[in-house]
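For reference, the structure is listed below as structure tokens.
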Amino acid sequence: MFQYPRRFAQIALSFLPFFLAFLRDRHRFIVFGRSRLVTEAQHKERAQKLRDTLVDLGPTFIKIGQVLSTRPDIVPLVYAQELITLQDTVPPGPFEEIQAIVAADVGVDAYDEFDPDAIAGGSLAQVHVARYEGQRVAVKVRRPNVVDVIEVDLRVVRRLLPVVIAIAPRRHHFSLRNLADDFERVIREELDFDREGRMMEEIGANFADVDDVKIPSLYSEASSERILTMEFVESTKITDVGELRTEGFDPVEIAHHIADTYFKMGIVDGVFHGDPHPGNLGIDKRGRIVFYDFGMTGRFTPEMQEAIVSLYLAAAARDTERMIDVLIDLGVLDRNVDRGSMNQVLDLAIKNLEGKGISDWRALMLEVNSILHEFPFRIPPDVMLLIRVGTVSEGVLRQLDPEFDILSAAQTFLVAHGYRKRGAETWFEGVRDDATMSARSTVRIPAKLERVLDTVQRGELEVEGLQLQQPLIAIARALAYALITASWVIGSAILTNTNPTFGLIGWLIALIMTVMFLIALHNTRTRE
1499 MFQYPRRFAQ
1509 IALSFLPFFL
1519 AFLRDRHRFI
1529 VFGRSRLVTE
1539 AQHKERAQKL
1549 RDTLVDLGPT
1559 FIKIGQVLST
1569 RPDIVPLVYA
1579 QELITLQDTV
1589 PPGPFEEIQA
1599 IVAADVGVDA
1609 YDEFDPDAIA
1619 GGSLAQVHVA
1629 RYEGQRVAVK
1639 VRRPNVVDVI
1649 EVDLRVVRRL
1659 LPVVIAIAPR
1669 RHHFSLRNLA
1679 DDFERVIREE
1689 LDFDREGRMM
1699 EEIGANFADV
1709 DDVKIPSLYS
1719 EASSERILTM
1729 EFVESTKITD
1739 VGELRTEGFD
1749 PVEIAHHIAD
1759 TYFKMGIVDG
1769 VFHGDPHPGN
1779 LGIDKRGRIV
1789 FYDFGMTGRF
1799 TPEMQEAIVS
1809 LYLAAAARDT
1819 ERMIDVLIDL
1829 GVLDRNVDRG
1839 SMNQVLDLAI
1849 KNLEGKGISD
1859 WRALMLEVNS
1869 ILHEFPFRIP
1879 PDVMLLIRVG
1889 TVSEGVLRQL
1899 DPEFDILSAA
1909 QTFLVAHGYR
1919 KRGAETWFEG
1929 VRDDATMSAR
1939 STVRIPAKLE
1949 RVLDTVQRGE
1959 LEVEGLQLQQ
1969 PLIAIARALA
1979 YALITASWVI
1989 GSAILTNTNP
1999 TFGLIGWLIA
2009 LIMTVMFLIA
2019 LHNTRTRE
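Heads up, the sequence shown is in this note's numbering, so the first residue is 1499 and it goes up one at a time.
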């Protein structure tokens, strides 16, 4: 077991050169002097050293690096590009230790056969091939003592966090605190194989009727918090383009198929696989996409699913106001954000991409990156995971199709599934939505106005220095008639397209309301 003081010293000393370099960048002599100019090449070299340091420090810090790669508000571009390449691959541990865990959790004789040589190894677990009840299975076993190692590392991170915050720019303080909290929850979820098994089964159920996607089946009776026993599914690695072509598959079709599968997970189902690096995706002999490793998964509420669709549509329409509203709904931006400045950020990001359109997820994220540093915000863990899926998967899919455009693929998916209509249908839906909102307002506002008017008539509303009671009553009633009239006009226009009879009745009511509005307006002017 790791001793806390020794581990603290190891971690602190590993990061000390980076802290000193950062301080010297701000002040040539650490505590005083002018800032230093650091070249792009120097930043890139530091980013590579940081990546190597995270790998050397083990599973906790590999995960931290993966999370930081998705945070453009904290990590500069050159570091994010380097950290996104972090993959959780380490040599397998001794078989005797794995055998002891298997015996303790599922029994010595649970498997007919068990291959002592692991076929895959990560910092948290390793995978062996076995035979269970006559079936070939893959057995994922959590590494011994890894929980103790991570708990000690988390204690160190919590102790060092105030130091990091102290030297970081003030605008990053909020983001750093929330990042630490969210990271603890995420890594503990990855350590819980019971949860991973449940997520694998849930995603599998969502694709039960989809012939071209394969989610391995779980053997729950031979699984535990430390062990997952699942169906063994052989496949060709997704980035082995030559082999895929030899087997008769079209890499371009595969790329679009994988993208559509992820869109279904996130937008339709609300539960998605969150780690699409090449080792976790394959194509089997039947051409099905095979997903492996469900330790990193995300879940969206229906409200979040709708918000994500709205965010894309707003970006495609270059509606930055709507984008800000959606980011606030997602919990990314604070409601008190400087909307004027944020509008400029989003507008600049989109305009700088003109000529190639909003077609490159990574380009869009990187374009906003340099300006996002000015806005402290919190990215919810599942949204952070979505960013990771977008950035990692686009890199993988472009190995299959160099021309692959993830946002164009998203647009096609949204249109195909009725999230976005073309031409007149798009306009009609917008009018219908506006009419719905107007109708709701029409129901609420007159009642509120009547309550205000009652207060005025009782003499309980006082405005010092002005005699506003009668004019206010008249204006309020005229406003109520105007709102009701507007809603009937819009509603009647819509009904005429769907049911002419009801539309005619609506127009008659709208005509009556218009006359009443004109009378109220005339009375208001007469009183003046």
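Glycine included, C-beta positions come from ideal geometry on N, C-alpha and C. Remember, predicted model here, so these are calculated numbers, not experimental data.
Return helix, strand or coil for residue i, following the three-state DSSP convention.
{"i": "glutamine 1633", "result": "strand"}
{"i": "leucine 1716", "result": "strand"}
{"i": "threonine 1727", "result": "strand"}
{"i": "glutamine 1842", "result": "helix"}
{"i": "glycine 1764", "result": "helix"}
{"i": "serine 1512", "result": "helix"}
{"i": "glycine 1893", "result": "helix"}
{"i": "leucine 1964", "result": "Because leucine 1964 carries a pLDDT of 44, less than 50, the predicted location of this residue cannot be relied on, and the following value inherits that uncertainty. Leucine 1964 falls in the coil class under three-state DSSP."}
{"i": "leucine 1959", "result": "Because the pLDDT of leucine 1959 is 49, which lies under 50, any placement of that residue in the model is unreliable, and the question is left without a value."}
{"i": "histidine 1670", "result": "helix"}
{"i": "threonine 1734", "result": "strand"}
{"i": "glycine 1619", "result": "strand"}
{"i": "lysine 1638", "result": "strand"}
{"i": "glutamate 1595", "result": "helix"}
{"i": "phenylalanine 1747", "result": "coil"}
{"i": "alanine 1578", "result": "helix"}
{"i": "glutamate 1688", "result": "helix"}
{"i": "glutamine 1540", "result": "helix"}
{"i": "leucine 1779", "result": "strand"}
{"i": "glycine 1695", "result": "helix"}
{"i": "glutamine 1624", "result": "strand"}
Whole angstroms is fine: what's the gap from residue i's alpha carbon to residue j's?
{"i": "valine 1639", "j": "glutamate 1719", "result": "15 Å"}
{"i": "threonine 1795", "j": "leucine 1883", "result": "8 Å"}
{"i": "valine 1573", "j": "glutamate 1901", "result": "28 Å"}
{"i": "histidine 1671", "j": "threonine 1759", "result": "37 Å"}
{"i": "serine 1567", "j": "threonine 1889", "result": "9 Å"}
{"i": "glutamine 1564", "j": "glutamine 1546", "result": "14 Å"}
{"i": "isoleucine 1756", "j": "aspartate 1646", "result": "37 Å"}
{"i": "arginine 1683", "j": "isoleucine 1562", "result": "12 Å"}
{"i": "valine 1766", "j": "glutamine 1803", "result": "8 Å"}
{"i": "glycine 1740", "j": "alanine 1578", "result": "30 Å"}
{"i": "leucine 1831", "j": "valine 1894", "result": "29 Å"}
{"i": "arginine 1569", "j": "glycine 1632", "result": "46 Å"}
{"i": "histidine 1915", "j": "threonine 1799", "result": "19 Å"}
{"i": "arginine 1656", "j": "leucine 1514", "result": "16 Å"}
{"i": "glutamine 1818", "j": "serine 1891", "result": "Looking at the sequence provided, one finds threonine at residue 1818 rather than glutamine. Computed Cα separation, rounded: 26 Å."}
{"i": "alanine 1706", "j": "glutamate 1649", "result": "37 Å"}
{"i": "histidine 1541", "j": "asparagine 1841", "result": "30 Å"}
{"i": "glutamate 1594", "j": "aspartate 1692", "result": "23 Å"}
Find out if the Cβ-Cβ distance for the pair residue i, residue j is shorter than 7 Å.
{"i": "valine 1711", "j": "isoleucine 1596", "result": "no"}
{"i": "threonine 1734", "j": "glycine 1785", "result": "no"}
{"i": "isoleucine 1701", "j": "isoleucine 1685", "result": "no"}
{"i": "proline 1590", "j": "glutamine 1624", "result": "yes"}
{"i": "valine 1627", "j": "aspartate 1610", "result": "no"}
{"i": "arginine 1629", "j": "phenylalanine 1730", "result": "no"}
{"i": "aspartate 1603", "j": "serine 1715", "result": "no"}
{"i": "proline 1776", "j": "valine 1887", "result": "no"}
{"i": "valine 1807", "j": "tyrosine 1917", "result": "yes"}
{"i": "glutamate 1580", "j": "arginine 1544", "result": "no"}
{"i": "alanine 1678", "j": "leucine 1659", "result": "yes"}
{"i": "phenylalanine 1761", "j": "phenylalanine 1516", "result": "no"}
{"i": "proline 1879", "j": "aspartate 1651", "result": "no"}
{"i": "arginine 1837", "j": "isoleucine 1822", "result": "yes"}
{"i": "valine 1600", "j": "glycine 1619", "result": "no"}
{"i": "valine 1835", "j": "alanine 1805", "result": "no"}
{"i": "leucine 1828", "j": "valine 1881", "result": "yes"}
{"i": "leucine 1674", "j": "glycine 1695", "result": "no"}
{"i": "leucine 1584", "j": "isoleucine 1560", "result": "yes"}
Suppose the cutoff is 8 Å on Cβ atoms and the five residues either side in sequence are ignored; what does the same chain contact list for residue i look like?
{"i": "leucine 1622", "result": "Pro1557, Asp1586, Arg1640, Arg1641, Val1644, Glu1688, Leu1689 and Gly1793"}
{"i": "methionine 1763", "result": "Ile1701, Asn1704, Val1769, Phe1770 and His1771"}
{"i": "proline 1503", "result": "none"}
{"i": "isoleucine 1617", "result": "Val1625, His1626, Val1627 and Ala1636"}
{"i": "serine 1512", "result": "Thr1551, Asp1554 and Leu1555"}
Keeping to the same chain, check which residues put their C-beta closer than 6 Å to that of residue i; ignore five residues upstream and five downstream.
{"i": "isoleucine 1509", "result": "Val1654"}
{"i": "methionine 1697", "result": "Phe1792 and Thr1795"}
{"i": "alanine 1598", "result": "none"}
Can you give me the Cβ contacts of residue i inside the same chain, cut-off strictly under 7 Å, excluding the 5 residues immediately before and after it?
{"i": "histidine 1754", "result": "Ala1907"}
{"i": "arginine 1896", "result": "Phe1902"}
{"i": "glutamine 1501", "result": "none"}
{"i": "phenylalanine 1789", "result": "Ile1713, His1771, Asn1778 and Leu1779"}
Any heavy atom of the ligand PLP closer than 6 Å to the Cβ of residue i?
{"i": "leucine 1575", "result": "For the ligand PLP, the structure offers nothing, since it holds no ligand at all."}
Point to revise | Segment contact, 8 Å Cβ cut-off, at least three pairs: the stretch 1749 to 1759 with the stretch 1888 to 1908 | key: With contact defined as three or more Cβ pairs closer than 8 Å, the stretch 1749 to 1759 and the stretch 1888 to 1908 are in contact.
Check your understanding: Counting pairs of Cβ atoms below 8 Å between the stretch 1658 to 1668 and the stretch 1508 to 1524, do you hit three or more?
Key -> Note that the stretch 1658 to 1668 touches the stretch 1508 to 1524; at least 3 beta-carbon pairs, one per stretch, sit closer than 8 Å.
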